[in-house]
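Below: the structure, in structure tokens.
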Amino acid sequence: MKFRPCIDLHQGKVKQIVGSTLSTDTADVIENFVSEHDPAHYAKMFQRDGLPGGHVIMLGPGNEEAAAQALQAYPGGLHVGGGITADNAAYYLEKGASHVIVTSYIFRDGRLSVQHLDKIVSEVGTDRLVIDLSCKAHDGKWFVATNQWKTISDFEVDETNLRFLEAYCSEFLIHAVDVEGKRAGIQESLVRHLAQLVTIPTTYAGGARSIDDLQIFRRLTGGKLDITIGSALDIFGGSLPYEEVLAECGKAVN
């Protein structure tokens, strides 16, 4: 199990928000934390501590410059997502991203667009593509949520569909929509489900708030999945010490 760091960007600033509140009306967004530091500060911290494979997520427009700043501060060390398309993916790779992350571009009107999937693969290759399968429970099953997590697609996160997508990408990033940003603990049923099915590197995001949660996560996954933690970390205004997370995940702070 690896700890994958994150840098979430909203309105050009490093923030931690409740993702399900993101909308076109910024007054509705619930902010857990707004940093006084720029994105490069965190990127350099993660580089210093030997944490590759974290993700920079642009939450809405106006974050392109901030994302580029983070990528240039840690060349080859970060993935980038949020509004990525076949038309702009190369730009972010040139700025220093190791991978690009896609969701909405390949899920159109609640359905998977194989045409768009093929198009972005032709631009960046499978080895530099990460597919974000933000999951929401519906009728006892897991489905991809799109459109700022407001639209439940018809794409079930099951063994058949995961095998299909694994041929198109190098990793999955999977947000647990119902608990993301709420510091409510990991969504254990989703974690178990994913650990049984995925065969490529997969990072889970959502709800982790304590060392106990990390230990539960390790037990449920057998170390098969990686994990990211956002608003619970003390570097993002939470109470969970960043240093303790690194120690639990086998990384010592320099």
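By my numbering, the letter at position 25 of the sequence shown is numbered 57, and the numbering carries on one by one without gaps. All C-beta atoms, glycine included, are put in the ideal place defined by N, C-alpha and C.
- Within the region 167-229, complete alpha helix (DSSP H) segments of at least 4 residues are found at 191-198 and 220-229, given in chain order.
- In the structure shown, Ile138 falls within a coil segment according to DSSP collapsed to helix, strand and coil.
- The beta carbons of Cys167 and Leu222 sit closer together than 7 Å.
- Comparing alpha-carbon positions, the option among Ile218, Pro84, Gly94 and Pro93 lying closest to Ser130 turns out to be Pro84.
- If you look at His111, you'll find it in the beta strand (DSSP E) that goes Leu110 to Gly113.
- For Ser185, the number of other beta carbons within 10 angstroms of its own is at least 16, and it is reported as buried.
- DSSP places Glu126 within a helical segment (H, G or I) once states are collapsed to three.
- Using a 10 angstroms sphere on the CB of Ala199, the tally of other CB atoms stays under 16, which defines it as exposed.
- Per DSSP, the continuous beta strand (DSSP E) segment holding Gln48 begins and ends at Lys45 to Ile49.
- Within its own chain, the residues whose Cβ lies closer than 7 Å to the Cβ of Arg241, once the five positions on either side in sequence are excluded, are Arg215, Gly217, Ala264 and Leu272, listed in chain order.
- Sequence-distant partners of Ala121 (beyond 5 residues in either direction) whose C-beta falls short of 7 Å from its own C-beta, in its chain, are Val132, Ile152, Glu155 and Val156.
- Leaving aside the five residues that flank Glu63 on each side, the residues in its chain whose CB is nearer than 7 Å to its CB run, in chain order, Lys47 and Ile49.
- Annotated three-state conformation of His148 is helix, per DSSP.
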